[in-house]
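**Student:** Can you keep this structure in mind? I'll have questions shortly.
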Amino acid sequence: MSGAHGIVAQLARFAGALRSCGVRVGLGDEIDAASSLTLVDLLDRAEVHRALRIALKVPRGAWETFDKLFAEYWDGHRAPEHPALREARKSDRRPPAQWRWDGERVRLALRDEQQDTEGELPGYSPEAVLRRKPFDQFSESELAAMERLLARLALKLATRRSRRLVPTIARGIIDLRRSFRRALGSDGEFLKLARRARPLDEASLVVLYDTSGSMEAYTRVLLSFAFALRRVMKRVEIFAFNTTLVRVTRMIAPAGIPQSLQRLSAGVPDWSGGTRIGGCLAEFVSLHKQTLIDRNTTVVFVSDGLDHGDTALLECSMRELRARAGKIIWLNPLLGDSRYRPEAAGMRAALPFVDHFGPAHNLKALEGLLRFVP
Amino acid sequence: MQAEMERCGYIAEPAIATAVYLAKEMQKPLLVEGEAGVGKTEIAKVLARMLATDLVRLQCYEGLDTNTALYEWNYQRQLLRLKIAEREPRDPGELEDLIFGREYLLERPLLRAITRREGPAVLLIDEIDRADEGFEAFLLEVLSDFQITIPELGTIRAEHVPFVVLTSNRSREIGDALRRRCLYLFVEHPGFEKELRILQSKVPGVNEQLARRITRFVQRLRARELRKLPGVAETLDWAQALVRLHRDALDAETVSATLGCLLKDEHDIKATGEEAVTELLAYAFEKE
Chain W
17 MSGAHGIVAQ LARFAGALRS CGVRVGLGDE IDAASSLTLV DLLDRAEVHR ALRIALKVPR
77 GAWETFDKLF AEYWDGHRAP EHPALREARK SDRRPPAQWR WDGERVRLAL RDEQQDTEGE
137 LPGYSPEAVL RRKPFDQFSE SELAAMERLL ARLALKLATR RSRRLVPTIA RGIIDLRRSF
197 RRALGSDGEF LKLARRARPL DEASLVVLYD TSGSMEAYTR VLLSFAFALR RVMKRVEIFA
257 FNTTLVRVTR MIAPAGIPQS LQRLSAGVPD WSGGTRIGGC LAEFVSLHKQ TLIDRNTTVV
317 FVSDGLDHGD TALLECSMRE LRARAGKIIW LNPLLGDSRY RPEAAGMRAA LPFVDHFGPA
377 HNLKALEGLL RFVP
Chain V
445 MQAEMERCGY IAEPAIATAV YLAKEMQKPL LVEGEAGVGK TEIAKVLARM LATDLVRLQC
505 YEGLDTNTAL YEWNYQRQLL RLKIAEREPR DPGELEDLIF GREYLLERPL LRAITRREGP
565 AVLLIDEIDR ADEGFEAFLL EVLSDFQITI PELGTIRAEH VPFVVLTSNR SREIGDALRR
625 RCLYLFVEHP GFEKELRILQ SKVPGVNEQL ARRITRFVQR LRARELRKLP GVAETLDWAQ
685 ALVRLHRDAL DAETVSATLG CLLKDEHDIK ATGEEAVTEL LAYAFEKE
């Protein structure tokens, strides 16, 4: 059966090409596709096309790529570097090759061609200047006020009741299944009825925090924001990004502020350097989307959106976040200035996906957040 | 397959027929996605009709739990039985077997689908995107093993593996794990020819010319910027309405009066004013 073998090999090459164009196709899908091919008429091109699309589970958004590659691989004229393929590669928004492991963490490899002509905008510095930021200590009262505010916010975020019913000792509807089980222990007498009620969904928060040079003036108040959050919420994850994305949750220990600051300035590279929101966000989405984001998650961006990286990449990642997260809040310190208009390319690309776009230059501005959250 | 589906009253595009055929042959669940009103649920119904078997439907909603999806004991009945048993002395073991017997078990859709004796049932898990993620994970287990464990009875294995159809409106993305277990079909709004044939087969009272005009009108309407595009279901409703009103021809007045059958959004209706209707009608009448 060398013919059948040839088809399997062809299928594997085809699946590989799909993967390299960003369509997620797993080995299981290839197996499904192979068995689907045994069920259809192989001479009928349209039939094979449909069967493969169904069995490889190609989502609607990737049909165009699929069609292009199908034409290349199954119609017999496979050119080594077909323009269509190159095109598809170009539009592939999450090239995994962009990352590299430097021994400590995954870094985004910078693409050099984007570093030209973009230096003239205020606040944006494409060179990743390696600087360590000296931190001031926060005043005690400032921190306390921040914490009170955020505690209220955390409560407000967690007011949604789940629709599921879970056992409760308080009031609720009678849970017959558990009541009967419990009655077994007392010779079938129902001494106490078991009840179920709808629990409060615990809110979780993911903060993506811009530490680039253009944000430098605001780091103090915003960092205390992060500290306070860590104290009042159980499920909070904090990421810092500039040219790389770093998970800093562990570095911010609520107990020791000076130590945390030290750890932060040592652990976050390029502090006060340039920004690549799109790349960092893409990395965040592909690494953490599944585990950290669900419908009860509020994603908070703290950034001025000054980014000349790939806005298409930013837009695509925002869309993916939008589909999964409960709420997206973007805090922009520049909004504090009444003359500011969100016209930076990065900001414009992200705005359609944001539920609340608010200022964050001081404590008072953050209070506005409370009003927004229902 | 296509012809067979058509015989059962479903005008299928080749892609749909292929997907149903593959799902049947490969014994894999079929995940159907698409806009509201393109006939996703109908696929399962037709499959059941085609195979002359039962359709077991599990409508998903947020908070759906195992009590409503799998099984529940009929506690009221069990209690009554125990009360009666108090008067007639009986062997306790026998009594226990009795009240934990199958008659006292309320079978919910998933259990019912796998215990059907006469042959495989069609299990429709509708709008899976409305259930929460936890339920999706639970489904994975049921869909891969087709067995359910009830502590009082033991493990119940599927007598026949049912054909499973899952539908989703994409209000939330379905987890990858579940998606990978299924075959995937995306249903789009039908083309002119297909919609016309659906219309003619479902609404027999409509004459050929009117059917063509209705279809062309709706097809054109879908090309507009609307919040909620009318699906096939809406086209059928509209045609029904026109037949009931004894209208044999489309005119601007009739269209405006019955637009609510097609557009279910205030903004959309406002956006489709007189001018738009005239333009759409002109298109509908164009090629005759």
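Chains as they are written, first to last, in our numbering: chain W, 17 to 390; chain V, 445 to 732.
Glycine included, every Cβ here is placed at the ideal spot set by N, Cα and C.
From the DSSP secondary-structure annotation, give me the bridge partner or partners of residue 478 of chain V.
**Tutor:** V/631
**Student:** Looking at chain V, which residues of the region 68-89 of chain W have a Cβ within less than 9 Å of any of its Cβ atoms?
**Tutor:** 69, 70, 71, 72, 73, 74, 75, 76, 79
**Student:** Spatial neighbours of residue 53 of chain W within its chain, please: CB distance less than 6 Å, with the 5 preceding and 5 following residues excluded, ordered by chain position.
**Tutor:** none
**Student:** Spell out a yes or no on whether the region 450-467 of chain V and the region 65-78 of chain W are touching, meaning 3 or more CB-CB pairs, one atom from each, closer than 8 Å.
**Tutor:** yes
**Student:** Of the residues that make up the region 182-212 of chain W, which ones have a beta carbon closer than 8 Å to any beta carbon in chain V?
**Tutor:** 192, 193, 196, 204
**Student:** Just how far apart, CA to CA, sit residue 296 of chain W and residue 307 of chain W?
**Tutor:** 17 Å
**Student:** The alpha helix (DSSP H) with residue 727 of chain V in it runs from where to where?
**Tutor:** 718-730
**Student:** Which residue wins for smallest C-alpha separation from residue 477 of chain V, given the options V/609, V/506, V/636?
**Tutor:** V/609
**Student:** When DSSP builds the beta bridges, which residues end up paired with residue 213 of chain W?
**Tutor:** W/182
**Student:** Here's a check: name, in chain order, each residue in its chain whose Cβ is nearer than 6 Å to the Cβ of residue 723 of chain V, leaving out the five neighbours to either side.
**Tutor:** none
**Student:** I'd like to know whether the C-beta atoms of residue 607 of chain V and residue 567 of chain V end up nearer to each other than 8 Å.
**Tutor:** yes
**Student:** Going by the beta-carbon positions, is the gap between residue 331 of chain W and residue 365 of chain W smaller than 8 Å?
**Tutor:** yes
**Student:** Per DSSP, which one or two residues make a beta bridge with residue 570 of chain V?
**Tutor:** Bridge partners of residue 570 of chain V: V/503.
**Student:** Tell me, which residues are paired with residue 591 of chain V by DSSP?
**Tutor:** V/601
**Student:** With the cut-off set at 8 Å, would you say residue 374 of chain W and residue 321 of chain W are in Cβ contact?
**Tutor:** no
**Student:** Do you know how far the Cα of residue 530 of chain V is from the Cα of residue 205 of chain W?
**Tutor:** Computed Cα separation, rounded: 14 Å.
**Student:** Please give the ranges of any beta strand (DSSP E) in the region 512-553 of chain V, keeping only runs that are unbroken, at least 3 residues long and fully inside the region.
**Tutor:** 515-517, 549-551
**Student:** For residue 374 of chain W, which of helix, strand or coil comes out of DSSP?
**Tutor:** strand
**Student:** Can you list, in chain order, the residues of its chain with a C-beta nearer than 8 Å to that of residue 305 of chain W? Leave out the 5 residues immediately preceding and following it.
**Tutor:** 336, 337, 340
**Student:** How about residue 678 of chain V and residue 654 of chain V: are their beta carbons less than 8 Å apart?
**Tutor:** no
**Student:** Cβ of residue 725 of chain V within 8 Å of Cβ of residue 636 of chain V?
**Tutor:** no
**Student:** By the DSSP assignment, the beta strand (DSSP E) with residue 314 of chain W in it spans what residues?
**Tutor:** 313-318
**Student:** Looking at the C-beta of residue 537 of chain V, does it have a partner C-beta in chain W at a distance below 8 Å?
**Tutor:** no
**Student:** Quick one: is residue 481 of chain V near chain W, going by C-beta distance under 8 Å?
**Tutor:** no
**Student:** For the region 623-633 of chain V and the region 476-494 of chain V, state whether three or more C-beta atom pairs, one from each stretch, are separated by less than 8 Å.
**Tutor:** A contact exists between the region 623-633 of chain V and the region 476-494 of chain V.
**Student:** In or out: residue 344 of chain W buried (at least 16 other Cβ within 10 Å) or exposed?
**Tutor:** buried
**Student:** For the region 338-358 of chain W, list every residue whose C-beta sits within 7 Å of some C-beta in chain V, in sequence order.
**Tutor:** 339, 340
**Student:** Return helix, strand or coil for residue 345 of chain W, following the three-state DSSP convention.
**Tutor:** strand
**Student:** For residue 605 of chain V, which option in V/638, V/591, V/616, V/520 has the closest C-alpha, if you only look at C-alpha atoms?
**Tutor:** V/591
**Student:** Please report whether the beta-carbon of residue 459 of chain V lies at a distance below 8 Å from any beta-carbon of chain W.
**Tutor:** For residue 459 of chain V, the answer is yes, since a Cβ of chain W falls inside 8 Å of its Cβ.
**Student:** Per the DSSP calculation, residue 225 of chain W is bridged to which residue(s)?
**Tutor:** The partner list for residue 225 of chain W (beta bridge, DSSP) reads W/256, W/318.
**Student:** Could you run through the region 294-324 of chain W and flag, in chain order, every residue whose CB is less than 9 Å away from some CB of chain V?
**Tutor:** 306, 310, 311
**Student:** Given that a residue counts as buried once 16 or more other Cβ atoms are within 10 Å of its Cβ, and exposed if not, what is residue 473 of chain V?
**Tutor:** buried
**Student:** Would you identify the three-state DSSP class for residue 608 of chain V, choosing helix, strand or coil?
**Tutor:** strand
**Student:** Which residues in the same chain as residue 402 of chain W place their Cβ atom closer than 8 Å to its Cβ, once the five residues preceding and following it in sequence are excluded?
**Tutor:** Any question about residue 402 of chain W goes unanswered here, given that chain W covers just 17 to 390.
**Student:** Can you tell me the Cα-Cα spacing of residue 303 of chain W and residue 28 of chain W, whole angstroms?
**Tutor:** Roughly 26 Å between the two C-alpha positions.
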